[in-house]
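First the structure, in the form of structure tokens, and then the observations on it.
Number of protein chains: 2
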Amino acid sequence: MTTPFLPAVSLITLGVADVPRSRRFYEALGFTASSQSNESVAFFQLSGVVLAVFGRDALAADAYVPSEGSGFRAVALAQNRASTEEVDAAIAHAVACGGTLVKAAETVFWGGYSGYFADPDGHLWEVAHNPFFPLSDDGRITLP
Amino acid sequence: MTTPFLPAVSLITLGVADVPRSRRFYEALGFTASSQSNESVAFFQLSGVVLAVFGRDALAADAYVPSEGSGFRAVALAQNRASTEEVDAAIAHAVACGGTLVKAAETVFWGGYSGYFADPDGHLWEVAHNPFFPLSDDGRITLP
Numbered sequence: 063m064t065t066p067f068l069p070a071v072s073l074i075t076l077g078v079a080d081v082p083r084s085r086r087f088y089e090a091l092g093f094t095a096s097s098q099s100n101e102s103v104a105f106f107q108l109s110g111v112v113l114a115v116f117g118r119d120a121l122a123a124d125a126y127v128p129s130e131g132s133g134f135r136a137v138a139l140a141q142n143r144a145s146t147e148e149v150d151a152a153i154a155h156a157v158a159c160g161g162t163l164v165k166a167a168e169t170v171f172w173g174g175y176s177g178y179f180a181d182p183d184g185h186l187w188e189v190a191h192n193p194f195f196p197l198s199d200d201g202r203i204t205l206p
Numbered sequence: 063m064t065t066p067f068l069p070a071v072s073l074i075t076l077g078v079a080d081v082p083r084s085r086r087f088y089e090a091l092g093f094t095a096s097s098q099s100n101e102s103v104a105f106f107q108l109s110g111v112v113l114a115v116f117g118r119d120a121l122a123a124d125a126y127v128p129s130e131g132s133g134f135r136a137v138a139l140a141q142n143r144a145s146t147e148e149v150d151a152a153i154a155h156a157v158a159c160g161g162t163l164v165k166a167a168e169t170v171f172w173g174g175y176s177g178y179f180a181d182p183d184g185h186l187w188e189v190a191h192n193p194f195f196p197l198s199d200d201g202r203i204t205l206p
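From first to last, the protein sequence lines stand for chains L and H.
Counting the first sequence from 1 gives a position; our numbering is that position plus 62.
Counting the second sequence from 1 gives a position; our numbering is that position plus 62.
Next up, the structure:
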């Protein structure tokens, strides 16, 4: 008998306007699309979770919710890095790949260093150096 | 020298209206808040990624973006499970904890079984059984 709800996010799906465009963006960023990907969806195996890009309308339809929506989505994905230099390099790379610079990285009140870019659909990514959160070489946090 | 962008999501932040309320919801669901949590933010160590709940306005301010936004957010988190029964039990548990049933689980066109609930702020969670994606006991997918 397992617990009713596992302490797990297996997969994150981002709804996008143009799946092939998003696939190209994330491939340029450095992700590898799985063989399970097709014109309607792309899956990327990341360190601890799978990322999917799927049509925005198709995602709404899958959940039986209206697809209308605008503005701030109140969600951010974050990649933590081992140094401020790696944060700057990651954001510069994302922008070179066609991402939009949202906030150049800077020292933040909690003692870290962080910035934001947006993917082609405006999904927010933070890139952060947090000296208080132990980090594996493959980008996974172990909370204290 | 590491790659400019790692194949990793270290942390997912959900912007919420009431951090203590969201913390209680996710604790009821079965997540354990880290000692790094406080009244303004809660962090949960999950299998492969960290989940954070943070004030919606604070998250927008952190990214220097306007906090206005409404409707579909085009993002879904998913927990994959080993059977259809586990999917049903997970969604029932989430609803018992104060989540909103968005879509009762049903067999879907791609050959799996899935449903959706929303957290107290409307963030969408899918719970799915996908017989084609190998799954660990702790809810992590290894893509074929």
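Ideal placement from N, C-alpha and C gives every residue a C-beta, glycine not left out.
Requested in this report: Tell me, to the nearest whole angstrom, how far the beta carbon of H/L186 is from that of H/A138; I am working on the premise that it is less than 8 Å.
Outcome: Going by Cβ atoms, the distance from H/L186 to H/A138 rounds to 4 Å, so yes, they are a contact pair.
Query - Extent of the continuous beta strand (DSSP E) to which L/Y178 belongs - result: Its beta strand (DSSP E) spans residues 175 to 180.
Query raised in the report: How far does the beta strand (DSSP E) with H/S132 in it reach, from first residue to last?
Result: According to the DSSP assignment, H/S132 belongs to the beta strand (DSSP E) that extends over 131 to 133.
Requested in this report: Would you list the one or two residues that DSSP bridges to H/I203?
Outcome: BP columns for H/I203 point to H/L197.
Query - Per DSSP, cross-strand counterpart(s) of L/Q142 - result: One point to set straight first is that residue 142 of chain L is Asn, not Gln, in the sequence displayed. Paired residue(s): L/A190.
Query - H/V112 in three-state terms, based on DSSP - result: Note: H/V112 maps to strand in three-state DSSP.
Query - L/E89, enclosing alpha helix (DSSP H) - first and last residue - result: 81 to 91 is the span of the alpha helix (DSSP H), which, as asked, contains L/E89.
**Report entry** Any chain H beta carbon closer than 7 Å to L/F200
**Finding:** Before going further, note that residue 200 of chain L is Asp rather than Phe in the sequence given. L/D200 counts as touching chain H.
Requested in this report: Counting only the same chain and skipping the five closest in sequence on each side, list residues whose C-beta sits under 6 Å from that of H/V71.
Outcome: Excluding sequence positions up to five before and after H/V71, its CB lies within less than 6 Å of the CB of V111, all in the same chain and listed in chain order.
Query raised in the report: Are at least three pairs of beta-carbons, each pair with one atom in the stretch 75 to 82 of chain L and one in the stretch 112 to 129 of chain L, less than 8 Å apart?
Result: Between the stretch 75 to 82 of chain L and the stretch 112 to 129 of chain L there are three or more C-beta pairs closer than 8 Å, enough to call the two in contact.
**Report entry** Backbone secondary structure at L/L76 - three-state DSSP
**Finding:** Secondary structure of L/L76 (DSSP, three-state): strand.
**Report entry** Three-state secondary structure assigned by DSSP to H/E207
**Finding:** Nothing can be reported for residue 207 of chain H: it is not among the residues displayed for chain H, which extend from 63 to 206.
**Report entry** Residues bridged to H/E101 (per DSSP)
**Finding:** DSSP lists no partner for H/E101.
Query raised in the report: Along chain L, which residues have their Cβ under 7 Å away from the Cβ of H/W89?
Result: According to the sequence displayed, residue 89 of chain H carries Glu and not Trp. Per Cβ cutoff of 7 Å: no residues; H/E89 is ~11 Å from chain L at best.
**Report entry** Counted within 10 angstroms of its Cβ, other Cβ atoms place L/E188 as buried (16 or more) or exposed
**Finding:** L/E188 should be labelled buried.
Query raised in the report: Taking a cut of 8 Å between CB atoms, which residues from the stretch 130 to 143 of chain H lie near chain L?
Result: Residues E130, G131, S132, G133, F134, R135, A136, V137, A138, L139, A140, Q141, N142, R143.
Query - Bounding residues of the beta strand (DSSP E) (the contiguous stretch that carries L/A167) - result: For L/A167, the uninterrupted beta strand (DSSP E) run begins and ends at 162 to 169, by DSSP.
Report task. State yes or no: is the C-beta of L/G184 within less than 7 Å of the C-beta of H/G131? Result -> No. Outside cutoff.
Requested in this report: Kindly list, in the order they appear in chain L, the residues whose Cβ is closer than 7 Å to that of H/R118.
Outcome: A136, listed in chain order.
Query - Nearest-angstrom Cα separation, counted from L/R202 out to L/P196 - result: Roughly 8 Å between the two C-alpha positions.
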